[in-house]
Structures are given as C-alpha cells and as structure tokens.
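**Student:** If you're matching positions, the sequence shown starts at 38 in the numbering used here and goes up one per residue. Below are the structure tokens for one structure; questions will follow.
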Amino acid sequence: MATYTDQFYYIDPGNPPAEGTALSPTQLTLNDRNNDNWITPSNAWFGYDTVDGQRVTDVWRGDTITVQNANGREFTVTGDTFYLSNGDRVFTPTDGSILHNATFVSSTYVTDSTQAPVGELGPECFVSGTLIETPRGPTPIEWLRAGDLVLTEDAGAVPVLWAGGRTVQGFGSYAPVRFEAHAIGNDRPLLVSQQHRMLVTGWNAELACGTREVLVAAKHLVNGTSIRLNPMPRLRYIHLLLDAHHIVTAEGARSESLFPGNMILEERPEVAAEIRAAWARAHATPIETMVTARHVARGPEVSLLAA
C-alpha cells in the first residue's frame, strides 16, 4: 500500500458553495491500496483506495475553481475532485498550484468519473543545485540550457532539447526526497521529487523485475534514515528534456531525464506546448512515442524491491 499526502480544499466544484465562501487548505493522506499508481473509485467492501481514510467513490479529473486571495487577486486552479464514502468532497490541484486561504468565486466541472494517476500528486524532476554530469564536468542543473550537452549512460553526450522548472512550497507531495551521500551511489546529498525515478541495480532488481537495472520512483526508496522526505518552505524543481529518455548522472547517482507523461502533456498546456515544439525540432515522430530507458518498477515489483 503506497501512501501520499497532498493539499486539498473541502469543496465540490460540481455543487459549489456561495460566492465569497472562505476556503482553507488542508493536508490529507491518500492510500493507493494495491500500488497500481492510480487512485480508483470503488464500491467494494475491502481493498479500496482511500482519501483521509474514506473510500473513494468517484474521481472527477479536470474540475476548476476560481478563488480570490487576501490581496484581491483572482486565480483559477485545475485539479481533481474526490467523492468519499462519508459524503465529503475534496479538491486537489494538478496544475502545480499551491493552495492558500482564499474566498470562492466560481467553478467548472467535468461530468465523467474516472481515476487519478498518483503521478499527478507531485512533480517529477531534480531540485535546483543538483550537479549533472556533462562533458565540461559536473554542472548545476539550473545552468543548463537548450543546446548544452549532458552525459548519458547509453548515448554519450547528447544535447538538452528543453529545460524548465517551477518554484513550489516543498510540503506534502511536493516535499523532496533526500538521499544522503552514498545512499544510492551519490557523492553528495541529492534532492529529487518523490516521483523522480532512480536507477536501481543488482540481484534485488533482477529478482523483482527480471532485469538487473530498473527505474524506481524515489518515494518508494525512502527508508527513514539515509533516504527520507525533506520538507522545505520553498524550492525549485527543474526538468531536462533530451532527445530520448536517458539515464543521466546526478551527484554521482544514476537517474532519469524527463519522461513527460500525461501529468505535463495533459494538465499543463503551456508547458506541453514548449515541450512538444522542442521535441518536434529534433524528431519526425510525436513525443508520445518516447519509451523509457529502463524497465519501470510498478506495483508488486516495488514491494519486492523495498522488502
């Protein structure tokens, strides 16, 4: 069972409160009961996914709420609404927004219930300050720009097609995972997002996945000592898009370059446009044809690796 924490408003965009209603953010825990990387509605009596300990009965992806902050500025947040078995309705952003105390203005809502990928619960990237191996030596990731070369495991030096990032409050699902020096082959402490995948090698990878090298989300490697969550008030996450999904070296540890996936390509249209344009300049095929550089551990495989 994988557990996540994220920020929520108690609100149903499909049945909204009166304009001017006060909204306060809260942290709630989500449980992906079967480790399939989805929060899925269920009518079952056991084995179901939960939010705040309550069974999820519906998931509405793509709802929006418009709120006004204390300075009178209005902004719109896109996210997922979860209906829970106790009657609560809770909304969490999927567009990178940080929730604050605000007053409700308006909302829009979708009409098809679906399921929510846990990948939406936080970004997938490196923290600024991370040293990436390049032909010129270790280079802070925030210094890299399109056209700069980085060293990869399988293809040598390849150019950066696009680099981008965002600044967030590092709490809940946005809290980074800290790998202390030498925890995973790294020479110095390494900070990555919870969804960022690290390369795990050896007999345990082969036993769990049938191959000696697998990619595992950092959150699944947390052990509470040498690998742990490291909340912080403010940090910047940075993505590096290369000509394919590659294994790169960060602080001496092997990890992944950007694999966009639905979180960015569907939920962040302004970033998706930049990524698609950068990809199209180097490829005749769409970015959706990108495949992962290694097998990605999921579900029961993750449980075996963590055992």
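Every residue, glycine too, gets a C-beta built ideally from N, C-alpha and C.
Do you know how far the Cα of residue 128 is from the Cα of residue 46?
**Tutor:** One C-alpha to the other measures close to 5 Å.
**Student:** How long is the line joining the alpha carbons of residue 265 and residue 99, rounded to whole angstroms?
**Tutor:** Distance between the alpha carbons of residue 265 and residue 99: 31 Å.
**Student:** Look at the Cβ atom of residue 179, then the Cβ atom of residue 283, and state whether they are nearer than 8 Å.
**Tutor:** Not a contact, by the Cβ cut-off of 8 Å.
**Student:** Going by DSSP in three states, residue 50 sits in which element: helix, strand or coil?
**Tutor:** Looking at residue 50 - three-state DSSP - the assignment turns out to be coil, as it is neither helix nor strand.
**Student:** Measuring alpha carbon to alpha carbon, tell me which of 168, 218, 212 ends up nearest residue 231.
**Tutor:** Closest by alpha carbon: 212.
**Student:** Could you check whether residue 332 and residue 246 sit closer than 8 Å to each other, using their CB atoms as the reference points?
**Tutor:** Closer than 8 Å, so yes.
**Student:** Quick check on the DSSP output: what are the complete alpha helix (DSSP H) runs of length 4 or more inside the region 182-246, in order along the chain?
**Tutor:** Within the region 182-246, the complete alpha helix (DSSP H) runs of at least 4 residues are 240-246.
**Student:** Can you give the beta carbon distance from residue 140 to residue 59, rounded, assuming they're within the 8 Å contact cut?
**Tutor:** About 6 Å separates the two Cβ atoms, so the contact holds.
**Student:** For residue 49, count neighbouring Cβ atoms within 10 angstroms of its own Cβ and tell me buried if that reaches 16, exposed if not.
**Tutor:** So residue 49 ends up on the buried side.
**Student:** Would you report the Cα separation of residue 270 and residue 203, rounded to the nearest angstrom?
**Tutor:** Answer to the nearest angstrom: the Cα atoms are 14 Å apart.
**Student:** Indicate whether the contact test is met: 3 or more Cβ pairs, each with one atom in the region 101-112 and one in the region 69-81, closer than 8 Å.
**Tutor:** Counting Cβ pairs under 8 Å, fewer than three are found: no touch.
**Student:** How is residue 308 classed by DSSP in three states: helix, strand or coil?
**Tutor:** Note: residue 308 maps to helix in three-state DSSP.
**Student:** When you compare only the Cα positions, how much space is there between residue 53 and residue 217?
**Tutor:** Their backbone Cα atoms lie some 45 Å apart in a straight line.
**Student:** Going by beta carbon distance, what residues of the same chain come within less than 8 Å of residue 207, once the five residues before and after it are set aside?
**Tutor:** The answer, listed in chain order, is 213, 267, 268, 269, 270, 271, 272.
**Student:** What's the call for residue 291, buried or exposed, on a 16-neighbour Cβ count within 10 Å?
**Tutor:** Burial call: buried.
**Student:** For residue 80, count the other beta carbons within 10 Å of its own beta carbon; 16 or more makes it buried, fewer makes it exposed. Which is it?
**Tutor:** Classification of residue 80: exposed, given that the 10 Å Cβ count is below 16.
**Student:** Less than 8 Å between the C-beta atoms of residue 62 and residue 91, yes or no?
**Tutor:** For residue 62 and residue 91, no; Cβs fall outside 8 Å.
**Student:** Between which two residues does the beta strand (DSSP E) containing residue 142 stretch?
**Tutor:** Where residue 142 is concerned, the enclosing beta strand (DSSP E) stretches over 139-145.
**Student:** Buried or exposed for residue 223, going by 16 or more other Cβ atoms inside 10 Å?
**Tutor:** So residue 223 counts as buried.
**Student:** Taking C-beta to C-beta, are residue 171 and residue 227 nearer than 8 Å?
**Tutor:** Their beta carbons are not under 8 Å apart, which means residue 171 does not touch residue 227 by this criterion.
**Student:** Let me confirm a value: residue 240 is counted as buried when at least 16 other C-beta atoms fall within 10 Å, else exposed. Which label applies?
**Tutor:** Under this definition residue 240 is an exposed residue.
**Student:** So which of 97, 96, 95, 69 has the shortest CA-CA distance to residue 86?
**Tutor:** Residue 69 is the option with its Cα nearest to residue 86.
**Student:** With 16 as the cutoff for other CB atoms within 10 Å, does residue 83 come out buried or exposed?
**Tutor:** Per the 10 Å Cβ criterion, exposed.
**Student:** Return the residue from the list 316, 215, 57, 286 that minimises the CA-CA distance to residue 259.
**Tutor:** Per the Cα distances, 215.
**Student:** Do residue 325 and residue 201 come within 8 Å of each other at the CB atom, strictly closer than that value?
**Tutor:** Contact flag unset, no.
**Student:** Which residues in the same chain have their Cβ closer than 8 Å to the Cβ of residue 184, if we skip the five residues on either side of it in sequence?
**Tutor:** Contacts found: 196, 197.
**Student:** Compare the C-alpha of residue 146 against each of 96, 261, 164 and name the closest.
**Tutor:** Per the Cα distances, 96.
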